[in-house]
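Line by line, the protein sequences give chains A and B. Residue 204 in the numbering used here sits at position 217 of the first sequence, with consecutive numbering throughout. To convert, count from 1 in the second sequence and add 3; that's the numbering used here. Note that the Cβ used here is the ideal one computed from N, Cα and C, for glycine as well. Notes to accompany the following structure.
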Amino acid sequence: DSETFQNRTRTNFEHLERLRNRSTYVARSCKEIRDRYGDEEDGLYYLTTANGMVYQTFCDMTTAGGGWTLVASVHENSVYGKCTVGDRWSSQQGNNADLPDGDGNWSNRNMFGTPEGATSDDFKNPGYYDIAAEDMSVWHVPNNFPLEHWSLAAILRYHTNNRFLSLYGGNLFQLFKHYPVRYNIGSCSNRGPAIPIVYDHGDRESTRMFYGPRSRNEFEPGFITFRAINNERAAMAICSGVKPTGCHTEHYCIGGGGYFDPRQCGDFPSFDWDRLGHDQGWS
Amino acid sequence: ASKEMTEAAVLLFYR
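In structure tokens, the structure reads:
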């Protein structure tokens, strides 16, 4: 009858509208997609930058009200490779004090990887520098898991809720302009901000246990910290889940500049100091 | 650090 027909037409029209909105690239973040179009499904969406560059990324539309845009992943292809191929978040050019910024990817507009490959290789999209955000969310997902299982497979998930990014320019690109990830930029006491986190999977204790026994004595879980500097003046980008209280941050902070004295250079700099997976020393 | 940690990718999101 005509009512059914009208309902069906309306539903169909709404569906087409949604598709059109997705394919005319009118949103700059997953939050905008959720707020403007009411899309509540996790998955890949098209976004656009201020300059009109179109890209696809994963939206988490579930966690704490949803609207989270995946902008980057840090993946360790080999913890034994020290600032070699694949260490895009530190340096792929060798451990070199003459390249204090390393590859410089924490503070440039370079991009690499694909959203579907984000657990198999490093990933960075234009959202990293284009989106004006308030908060961050971090997922630690076992390597090579496919996108549809990321959330369930994650060993740790948390987010911030105090809008700290607004204070630092709205994204990490701007934050790291205030706090360069550069060798010899300062000393251990020149650490960047440590922001309290809300756990979505895991807790303070499980966070503690992911790191080595000696590391556990020099951080406080329940935070995300930016631009840590160690005793040897190497800079690291993010201490995920913890706030350092000591200066051996190379054992539990990720990403970095281009030089670590003497040998720890890498995206996961010295997570293997006392070998891997033995629950001893710094490992 | 634990093997679990080093063999997991760190995914960063904004909102």
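query, result
"Contact with chain B by A/P129, beta-carbon distance below 8 Å", "yes"
"Residue-chain proximity (A/M123, chain B), Cβ-Cβ < 8 Å", "yes"
"Chain B contact residues for A/Y198, given Cβ-Cβ distances below 8 Å", "A4, S5, M8"
"Same chain, Cβ closer than 8 Å to A/S107, neighbours up to 5 away in sequence not counted", "H62, N130, N131"
"Buried versus exposed call for A/G25 [16 or more other C-beta atoms within 10 Å across all chains shown]", "exposed"
"Cutoff 8 Å: A/H62 Cβ touching any chain B Cβ", "yes"
"Unbroken stretches of the alpha helix (DSSP H), 4 residues or longer, contained in the stretch 165 to 239 of chain A", "191 to 196"
"Residue(s) in a DSSP beta bridge with A/W55", "A/D47"
"Pairwise C-alpha distance: A/T44 and A/V58", "8 Å"
"Under 8 Å between C-beta atoms of A/D190 and A/L152", "no"
"Alpha-carbon to alpha-carbon, A/G91 and A/F163", "10 Å"
"Beta-carbon proximity list for A/Y115, same chain, < 7 Å, skipping 5 on both sides", "V58, A59, N158, L159, F160"
"Assigned exposure category for A/R178 - 16 Cβ within 10 Å defines buried", "buried"
"CB contact check: A/G114 to chain B, cutoff 8 Å", "yes"
"Backbone CA spacing between A/H146 and A/A215 [nearest angstrom]", "19 Å"
"Backbone CA spacing between A/N204 and A/R15 [nearest angstrom]", "41 Å"
"Cα-Cα separation between A/G73 and A/T101, rounded to whole angstroms", "14 Å"
"Any C-beta of chain B under 8 Å from that of A/Y166", "no"
"Among A/A221, A/E28, A/G199, nearest to A/C175 - alpha-carbon criterion", "A/A221"
"Proximity test, Cβ basis, 8 Å: A/A224 and chain B", "no"
"Length at least 3, wholly inside the stretch 51 to 121 of chain A: the beta strand (DSSP E) runs in chain order", "55 to 61"
"Simplified DSSP state of A/I241, which is helix, strand or coil", "strand"
"For A/W137, the nearest candidate out of A/H188, A/R150, A/F210, A/R169 (CA to CA)", "A/H188"
"A/R15 in three-state terms, based on DSSP", "coil"
"Residue-chain proximity (A/H136, chain B), Cβ-Cβ < 8 Å", "no"
"CB contact below 8 Å: A/S174 versus chain B", "no"
"Residues that DSSP places opposite B/A11 in a beta bridge", "A/P129"
"Start-to-end residues for the alpha helix (DSSP H) that takes in A/L31", "Not the alpha helix (DSSP H): A/L31 falls in the beta strand (DSSP E), residues 30 to 35."
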